[in-house]
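S.K.: Quick one: the structure is below, questions incoming.
2 protein chains.
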Amino acid sequence: MTEEKKNIEVCFSPALFRHFRNPEAIAVIVDILRATSAIVTAFENGVERIIPVGTLEEARALKETGFMVAAERDGLVRDFADFGNSPYNFTRERVAGKQIVYSTTNGTQAIHVARDCIHVVIGAYLNFTALKNWIMRQERDVIFLCAGWKNKFNLEDTLFSGAMARDLIATGTFDTICDSTKASIDLYGQARGDLMKYIDKVAQRSRLRKNKLDDVIGYCHTFDLTRVIPVLRNNHLEALETNPDEL
Amino acid sequence: MTEEKKNIEVCFSPALFRHFRNPEAIAVIVDILRATSAIVTAFENGVERIIPVGTLEEARALKETGFMVAAERDGLVRDFADFGNSPYNFTRERVAGKQIVYSTTNGTQAIHVARDCIHVVIGAYLNFTALKNWIMRQERDVIFLCAGWKNKFNLEDTLFSGAMARDLIATGTFDTICDSTKASIDLYGQARGDLMKYIDKVAQRSRLRKNKLDDVIGYCHTFDLTRVIPVLRNNHLEALETNPDEL
């Protein structure tokens, strides 16, 4: 008798997440351009904690109590903030050992809606293989939650989810009955031969280019620059690799 | 100077439609397996009006006032109803000249959320070319609203939207900046060489097969069996072809 395989689902929008009722699943937050790529970079560079908050008001209030703050809307850094949403902001010199409050257009909302899942982790190409190996060890269902754009579908988060789902299913211990997972895998199949060429057509690329913020696109699609896995604990993110025995 | 092109968007779930704020657009309701295919079939067979209602309670109450009722949940016809959701139910003998109240798992909810759009029309492969030609004459933005499955993404509605978007963009008078439209077009590009083979993997095919209701899948993916276009007027659907000058 074969053991039952673990299920993979892809949720294309934070606004749809309440229809995925599986609190025993791992939620992987995906906001490739740029929040989850930036968060992974910050942990690689030694940030101690990141505190995701939904509103700019919360971010501003925490700034006034002494926190460093990353705050962005529609790609642009807010005037009261120390950082925007570019991974290049989060250098070791600026973030090592620090606690940073973080509020973005899409990514922090996605973390918020998934908070009741048994584990909430941050996914990016930058930590792809480390995250994939960790997921394989958990023997749990997985939901990839794409941050999207203002609750709409986006391609870049879908492609990442498809790349992960494809590799996990190839191990033989995961499967899917979910149409969004199958669509993500098929779209990644089209894109993977020349990922940067495919990414050239996504809407977020145009938005970033308009604000001269598209210098990070190649970086955000680079596999395996780090082994760090940020994980949600209570209301903050911390690096899972510092506590390898906990999970 | 070139005239500005009309925009195409694809909305993957009724739960996301409120994020597509364009009441001047045409909304095309898509529920290929099976509601919109059934509705188009009913109009081809001479039904006079279809009254979509959201809840089974409404459907039952209207049944008691003398209406014929089509009511389905999770693929299965409800005991008080005259019809389920199979296009084969809606024969000329049973529906010609009649008014039918209609409530389904996904399709009628999709009609409901789109009701404030300037035109709400019913799309299926069965009326593909007639609908496409009508859309081209309107010179308006278009949103394809996929009924999905319980507010989640489905492949079969996405493929239809991709097929339509591809043809409309090819005319040169439509364009898209929407990632869901681009994804739909690319998925249809993968599927179109052998549409029935691709459809074999969609979740709804498995659901229908389990209940021995998958006899309609080929029919629901047949192009151009009719020229009828059902359109929402006030709270009911009627055939647009009976009033060609109105729009």
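For the record, the sequence lines run as chains A and B.
First residue of the first sequence? That's 114 in the numbering used here, and the numbers climb one at a time after it.
First residue of the second sequence? That's 114 in the numbering used here, and the numbers climb one at a time after it.
For every residue, glycine included, the Cβ atom is placed at its ideal position computed from N, Cα and C.
Because the structure is a prediction, the values reported are computed rather than measured.
1) Counting only C-beta atoms, is lysine 314/A closer than 8 Å to chain E at any point?
2) Are the beta-carbon atoms belonging to isoleucine 121/A and leucine 281/A less than 8 Å from one another?
3) List the residues of chain A that asparagine 135/B touches, going by C-beta distances under 9 Å, in chain order.
4) Under 9 Å Cβ-Cβ, which residues of chain B neighbour isoleucine 290/A?
5) Starting from the Cα of lysine 323/A, find the closest Cα among Leu129/A, Gly188/A, Glu170/A and Gln212/A and give me that residue.
6) Going by C-alpha to C-alpha distance, which of Arg134/B, Phe133/B and Leu129/B sits closest to histidine 132/A?
7) Between the Cα of lysine 295/B and those of Ile312/B, Ala276/B and Cys230/B, spot the shortest distance and give me the residue it belongs to.
8) Look up arginine 207/A in the DSSP assignment and say whether it is helix, strand or coil.
9) So is asparagine 219/A in contact with chain B if we call contact Cβ pairs under 8 Å?
10) Could you check if glycine 261/B is buried or exposed, using at least 16 other CB atoms within 10 Å of its CB as the buried criterion?
11) Taking only runs that begin and end inside the stretch 232-295 of chain A, name each unbroken beta strand (DSSP E) of 3 or more residues, in chain order.
12) Suppose you measure from the CA of lysine 300/A to the CA of glutamine 303/B; what does that come to, to the nearest Å?
13) Based on Cα-Cα distance, which residue from Lys310/B, Asn158/B and Glu252/B lies nearest to glycine 210/B?
14) Consult DSSP for glutamate 122/B and reduce its assignment to one of helix, strand or coil.
15) Expressed to the nearest angstrom, what Euclidean distance is found between the alpha-carbon atoms of aspartate 313/B and isoleucine 235/A?
16) So which residues on chain A does threonine 271/B lean against when the C-beta distance must stay under 9 Å?
17) Can you confirm whether phenylalanine 130/B, when its beta carbon is compared against all beta carbons of chain A, has any partner nearer than 8 Å?
18) Just to check my reading of the structure: valine 143/B and leucine 258/B have Cβ atoms closer than 8 Å, yes? What is that Cβ distance to the nearest angstrom?
19) So with Cβ pairs under 8 Å, would you call serine 126/B a contact of chain A?
20) Would you verify that the beta carbon of asparagine 264/B is, or is not, closer than 8 Å to some beta carbon of chain A?
21) Does any CB atom of chain B fall closer than 8 Å to the CB of aspartate 299/A?
M.R.: By the coordinates alone:
1) Any reference to chain E falls outside this structure, whose protein chains are A and B.
2) Less than 8 Å divides the Cβ of isoleucine 121/A from the Cβ of leucine 281/A.
3) Residues of chain A with a Cβ closer than 9 Å to the Cβ of asparagine 135/B do not exist; the shortest Cβ-Cβ separation is about 12 Å.
4) Within chain B, Ala316 and Ser319 have C-beta atoms less than 9 Å from the C-beta of isoleucine 290/A, given in sequence order.
5) Out of Leu129/A, Gly188/A, Glu170/A and Gln212/A, Gly188/A has the C-alpha closest to the C-alpha of lysine 323/A.
6) Comparing Cα positions, the closest option is Leu129/B.
7) Residue nearest to lysine 295/B within the set Ile312/B, Ala276/B and Cys230/B is Ala276/B (criterion: CA-CA distance).
8) In the three-state reduction of the DSSP assignment, arginine 207/A falls in the helix class, which pools H, G and I.
9) Interface criterion not met: the Cβ of asparagine 219/A is under 8 Å from no Cβ in chain B.
10) With 16 or more other Cβ atoms within 10 Å, it is buried.
11) Fully enclosed beta strand (DSSP E) runs of 3 or longer: 232-236 and 255-259.
12) One detail in the question is off: residue 300/A reads as leucine in this sequence, not lysine. Taking the straight line from one Cα to the other gives about 9 Å.
13) Of the listed residues, the one whose Cα sits closest to glycine 210/B is Asn158/B.
14) Assignment of glutamate 122/B by DSSP, reduced to helix, strand and coil, places it in the strand class.
15) Approximately 33 Å between the Cα atoms of the pair.
16) Simply Asp292 and Ala296.
17) Output row for phenylalanine 130/B: interface = no.
18) About 7 Å separates the Cβ atoms of valine 143/B and leucine 258/B, confirming a contact at the 8 Å cut-off.
19) For serine 126/B, the answer is yes, since a Cβ of chain A falls inside 8 Å of its Cβ.
20) The Cβ of asparagine 264/B sits closer than 8 Å to at least one Cβ of chain A.
21) Residue-level contact by beta carbon holds for aspartate 299/A and chain B, with a gap shorter than 8 Å.
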